[in-house]
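See structure below.
Number of protein chains: 2
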Amino acid sequence: MRYELFYWPGIPGRGEFVRLALEAAGADYVDVGNDERAGGVAAVEALLEDAAATRPAFAPPVLRAGRTLVGQVAAILQFLGPRLGLVAKDAGDALWTHQLQLTIADLVAESHDVHHPVGIGSYYEDQKAEARRRAEEFRTQRIPKFLGHFERVLARNPKGPAHLVGARLSYADLSLFHAVEGLRYAFPKAVARIGDDIPHVLALAEAVKERPDIAAYLRSDRRLPFNEQDIFRRYPELDG
Amino acid sequence: MRYELFYWPGIPGRGEFVRLALEAAGADYVDVGNDERAGGVAAVEALLEDAAATRPAFAPPVLRAGRTLVGQVAAILQFLGPRLGLVAKDAGDALWTHQLQLTIADLVAESHDVHHPVGIGSYYEDQKAEARRRAEEFRTQRIPKFLGHFERVLARNPKGPAHLVGARLSYADLSLFHAVEGLRYAFPKAVARIGDDIPHVLALAEAVKERPDIAAYLRSDRRLPFNEQDIFRRYPELDG
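Residue numbers (this note's numbering), protein chains in the order written: chain A, 337 to 576; chain B, 337 to 576.
Printed below as a string of structure tokens:
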């Protein structure tokens, strides 16, 4: 099965959560938006605007797997999980993994809203004052709340703190790694400040980064660097 | 099976999406936060703060079904769907239903952020100017984008526009009804303005409202009225 990922080019974005799952599993996939031979951004736009689609996509990322099209990161990962061996077979464990993924999605959405608090469609430069206000709460309340939650989940995992669910890697571990990387990129001081409170979260992020499959991916040109068009943006004025 | 819904009392909130599914299916459930005999808000807080939980909840709503605890509205509905007969048996249809639910969740989150653009934890009164800015984009761009998407989904459903997925009621239909009700409560003028563009969405909302099970629920005291502590708030200054 060759998977096709439809996502905007040039940013890790929400597509990255899907890429990490595909990479960790060694899956065959094409990152359409970043691959001109596969159609590039025009192919992404054509998919989104396909007037013949009986199940139109709301926004990228969208994954195509044979005749299946699926959008929404958490739904894509839930679809891929069993196919890539990145989720437990037990239904209760799979549901818990998905629930964690949805909480990561909430964190990702808030991470974006910090620099676009009053208008998704307008420039950061036109809402810097509002972003500073929102960033203060995000740094002091929301990052500790989210990462503290995942710390608790890891600490209480009966199979040990190496993974969010059970004793094996899941797509939620990979996504938490990327969220932590993103937060460290955008809010290095804020994350450093709470480092002592989230040892298991940081250890998980490090362990994911050092997996041979992920390490090879991170060194490759398939891994796009964080940048200021993305969800996680390094605006030092927002890091307090 | 008696289901227990743990959610804050006094508001429909995100709990309402779960209540509607339980009500439409005639399920036996207790709305713990609103039921003093069941423990009320203290029981909700105790669940959230349960230091013995190996799978701690991030935020309500949380559903308890026997020994299963599940949080995150979309995950709760995915869990309940097959048990309540509110989702198709076909895996592809079920995944599509879930994907639609996740897009409704995005709409709900944005509906909340409109009146709290710079601080979830601070008062609306302290961010009214910012809320006005955000509301303009929400009214003119985001509501049309979201409801236009669901209109397209209905119009393109090969089984007809009466339901989002196939020819039967799903939890996504119920959730779309509540989202439309909420938007009409909070932004009556903005929704009225695009009414001609979303006939299928409005017809679906009306049909859900008129179902005997839902109509009886809406007349009951179990249905809490919208109010200004909730996600959807009627602040006329934000409706343009």
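All residues carry an ideal CB built from backbone N, CA and C; glycine is no exception. Source: prediction; values computed, not measured.
message: In chain order, what are the residue ranges of uninterrupted beta strand (DSSP E) at least 3 long that sit wholly in the segment 399-463 of chain A?
response: 404-407
task: Please name the residue, chosen from B:Leu538, B:Asp533, B:Phe474, B:Pro524, that lies closest to Leu500 of chain B on a Cα-to-Cα basis.
output: On the second sequence, residue 500 of chain B is found 164 positions in, with the first residue counted as 1. Considering only alpha carbons, the answer is B:Leu538.
message: According to DSSP, Phe342 of chain A sits in a beta bridge with which residue or residues?
response: The residue given as residue 342 of chain A occupies position 6 in the first sequence. The partner list for Phe342 of chain A (beta bridge, DSSP) reads A:Val398.
- prompt: Could you give the distance in angstroms between the alpha-carbon of Ala467 of chain B and the alpha-carbon of Pro453 of chain A?
  reply: The residue labelled residue 467 of chain B in the question sits at position 131 within the second sequence. The residue labelled residue 453 of chain A in the question sits at position 117 within the first sequence. C-alpha separation (whole angstroms): 9 Å.
- request: Inspect the beta-carbon positions of Gln408 of chain B and Val406 of chain A and report whether they are closer than 8 Å.
  value: Here residue 408 of chain B is taken as the residue at index 72 of the second sequence, counted from 1. Here residue 406 of chain A is taken as the residue at index 70 of the first sequence, counted from 1. No, these two residues do not count as a Cβ contact at 8 Å.
message: Among the candidates A:Asn563, A:Arg338, A:Pro572, A:Phe415, whose CA atom is the shortest distance from the CA of Pro348 of chain A?
response: Locating residue 348 of chain A in the first sequence gives position 12, where the first residue counts as 1. Of the candidates A:Asn563, A:Arg338, A:Pro572, A:Phe415, the one whose C-alpha sits nearest the C-alpha of Pro348 of chain A is A:Asn563.
field: Residue-level contact to chain A via CB, Pro392 of chain B, 8 Å cutoff
entry: For the purposes of this step, residue 392 of chain B is taken as residue 56 along the second sequence, with counting starting at 1. So yes, Pro392 of chain B belongs to the interface.
- prompt: By Cβ distance below 6 Å, which residues in the same chain neighbour Arg504 of chain B in space, the five residues on each side in sequence not counted?
  reply: Taking the second sequence and counting its residues from 1, the one referred to as residue 504 of chain B is at position 168. Excluding positions up to five away in sequence, the list is empty.
query: Would a check of beta-carbon distances place Trp432 of chain A closer than 8 Å to chain B?
result: Translated into positions along the first sequence, residue 432 of chain A becomes position 96. Yes - at least one Cβ of chain B is within 8 Å of the one on Trp432 of chain A.
field: According to DSSP, residues forming a beta bridge with Asp533 of chain A
entry: As a first step, residue 533 of chain A is located in the first sequence; it is residue number 197 there, counting from the start. DSSP output for Asp533 of chain A lists no bridge partner at all.
message: Quick check on Pro453 of chain B - is its C-beta less than 8 Å from some C-beta in chain A?
response: Position 117 of the second sequence, counted from the first residue, corresponds to residue 453 of chain B. Yes - at least one Cβ of chain A is within 8 Å of the one on Pro453 of chain B.
- prompt: Is there at least one Cβ from chain A nearer than 8 Å to Arg520 of chain B's Cβ?
  reply: If you number the second sequence from 1, residue 520 of chain B lands on position 184. Chain A, which has no Cβ nearer than 8 Å to the Cβ of Arg520 of chain B, makes this no.
message: Starting from Val354 of chain B, trace the beta strand (DSSP E) in both directions and tell me its first and last residue.
response: What you label residue 354 of chain B is simply residue 18 of the second sequence in a count that begins at 1. Note, Val354 of chain B: premise wrong, no beta strand (DSSP E); alpha helix (DSSP H) at 351-360.
- prompt: Where do the N-terminal and C-terminal ends of the beta strand (DSSP E) with Asp367 of chain B fall, by residue?
  reply: Mapped onto the second sequence, residue 367 of chain B falls at position 31. Element bounds for Asp367 of chain B: 364-367.
task: Return no unless some Cβ of chain B is closer than 8 Å to the Cβ of His485 of chain A.
output: On the first sequence, position 149 is the one that residue 485 of chain A refers to. Chain B contact via Cβ: present.
- request: Closer than 8 Å by C-beta to Asn493 of chain B: which residues in its own chain qualify, once you throw out the five before and the five after it? Chain order, please.
  value: Taking the first residue of the second sequence as 1, we reach residue 493 of chain B at position 157. Contacts found: His499, Leu500, Val501, Gly502.
- prompt: Nearest-angstrom Cα distance between Arg355 of chain B and Tyr553 of chain A?
  reply: The sequence position of residue 355 of chain B within the second sequence is 19, counting from 1. The sequence position of residue 553 of chain A within the first sequence is 217, counting from 1. Computed Cα separation, rounded: 44 Å.
- request: Note down the Cα distance separating Thr433 of chain A from Ser556 of chain B, rounded to an integer number of angstroms.
  value: Counting from one through the first sequence, the residue named residue 433 of chain A turns up at place 97. Counting from one through the second sequence, the residue named residue 556 of chain B turns up at place 220. Between Thr433 of chain A and Ser556 of chain B, the C-alpha separation is close to 36 Å.
task: Pull out every residue of the segment 435-446 of chain B whose Cβ sits closer than 7 Å to any Cβ of chain A, in chain order.
output: Gln435, Leu438, Thr439, Ala445
- prompt: Are there 16 or more other CB atoms within 10 angstroms of the CB of Ala382 of chain A, so buried, or fewer, so exposed?
  reply: Start at 1 with the first residue of the first sequence, and residue 382 of chain A comes out as number 46. Ala382 of chain A should be labelled exposed.
query: Listed in chain order, which residues of the segment 487-498 of chain B have Cβ atoms closer than 8 Å to some Cβ of chain A?
result: Arg488, Val489, Arg492, Asn493, Pro494
message: Are the CB atoms of Leu519 of chain B and Ile550 of chain B within a distance shorter than 8 Å?
response: Start at 1 with the first residue of the second sequence, and residue 550 of chain B comes out as number 214. Start at 1 with the first residue of the second sequence, and residue 519 of chain B comes out as number 183. Not closer than 8 Å, so no.
message: Between Ala441 of chain B and Ala410 of chain B, how many whole angstroms is the CB-CB distance? I'm expecting something under 8 Å.
response: Translated into positions along the second sequence, residue 441 of chain B becomes position 105. Translated into positions along the second sequence, residue 410 of chain B becomes position 74. Going by Cβ atoms, the distance from Ala441 of chain B to Ala410 of chain B rounds to 5 Å, so yes, they are a contact pair.
query: Under a three-way DSSP split, which group does Glu517 of chain B fall into?
result: By one-based count along the second sequence, residue 517 of chain B stands at place 181. Helix at Glu517 of chain B.
- prompt: In terms of residues, what are the limits of the alpha helix (DSSP H) holding Val377 of chain B?
  reply: Position 41 of the second sequence, counted from the first residue, corresponds to residue 377 of chain B. That run of the alpha helix (DSSP H) goes 376-384.
task: Just the C-alpha distance for Tyr459 of chain B and Asp371 of chain A, rounded to the nearest angstrom, thanks.
output: In the second sequence, counting from the first residue as 1, residue 459 of chain B sits at position 123. In the first sequence, counting from the first residue as 1, residue 371 of chain A sits at position 35. Whole-angstrom Cα-Cα distance: 46 Å.
query: When the Cα of Ile567 of chain B is compared with those of B:Gly369, B:His485, B:Phe513, B:Glu446, which residue comes out closest?
result: Position 231 of the second sequence holds residue 567 of chain B. Among B:Gly369, B:His485, B:Phe513, B:Glu446, the Cα nearest to that of Ile567 of chain B belongs to B:Glu446.
message: Within a Cβ cutoff of 8 Å, which residues of the same chain sit near Asp575 of chain A, ignoring the five residues on either side of it in sequence?
response: Along the first sequence, read from residue 1 onward, the residue named residue 575 of chain A stands at position 239. These residues qualify, in order along the chain: Ala471, Arg475, Ala522, Phe523, Pro524, Lys525, Ala526.
- prompt: Does any C-beta atom of chain A lie closer than 8 Å to the C-beta of Ala411 of chain B?
  reply: Locating residue 411 of chain B in the second sequence gives position 75, where the first residue counts as 1. Closer than 8 Å to some Cβ of chain A, the Cβ of Ala411 of chain B qualifies, so yes.
- request: Would you kindly check if the distance between the Cβ of Pro392 of chain B and the Cβ of Gly351 of chain B is under 8 Å?
  value: Position 15 of the second sequence holds residue 351 of chain B. Position 56 of the second sequence holds residue 392 of chain B. The answer is no: Cβ separation not under 8 Å.
query: Per DSSP, what kind of secondary structure is Val501 of chain B in: helix, strand or coil?
result: Residue 501 of chain B sits at position 165 when you count from the first residue of the second sequence. Val501 of chain B: coil per DSSP, three-state reduction.
task: Rounded to whole angstroms, what's the CA-CA distance from Phe342 of chain A to Ala360 of chain B? Just pull it up for me.
output: Along the first sequence, one-based indexing puts residue 342 of chain A at 6. Along the second sequence, one-based indexing puts residue 360 of chain B at 24. So the two alpha carbons sit approximately 36 Å from each other.
message: Is the beta carbon of Glu340 of chain A closer than 8 Å to that of Arg403 of chain A?
response: Within the first sequence, residue 403 of chain A is the residue found at index 67, counting from 1. Within the first sequence, residue 340 of chain A is the residue found at index 4, counting from 1. No. Outside cutoff.
task: Please state if the CB of Glu487 of chain A and the CB of Asp533 of chain A are separated by a distance shorter than 8 Å.
output: In the first sequence, the residue the question calls residue 533 of chain A occupies position 197. In the first sequence, the residue the question calls residue 487 of chain A occupies position 151. For Asp533 of chain A and Glu487 of chain A, yes; Cβs fall inside 8 Å.
query: Going by the CB atoms, is the gap between Gln463 of chain A and Ala508 of chain A shorter than 8 Å?
result: Against the first sequence, residue 508 of chain A aligns to sequence position 172. Against the first sequence, residue 463 of chain A aligns to sequence position 127. For Ala508 of chain A and Gln463 of chain A, no; Cβs fall outside 8 Å.
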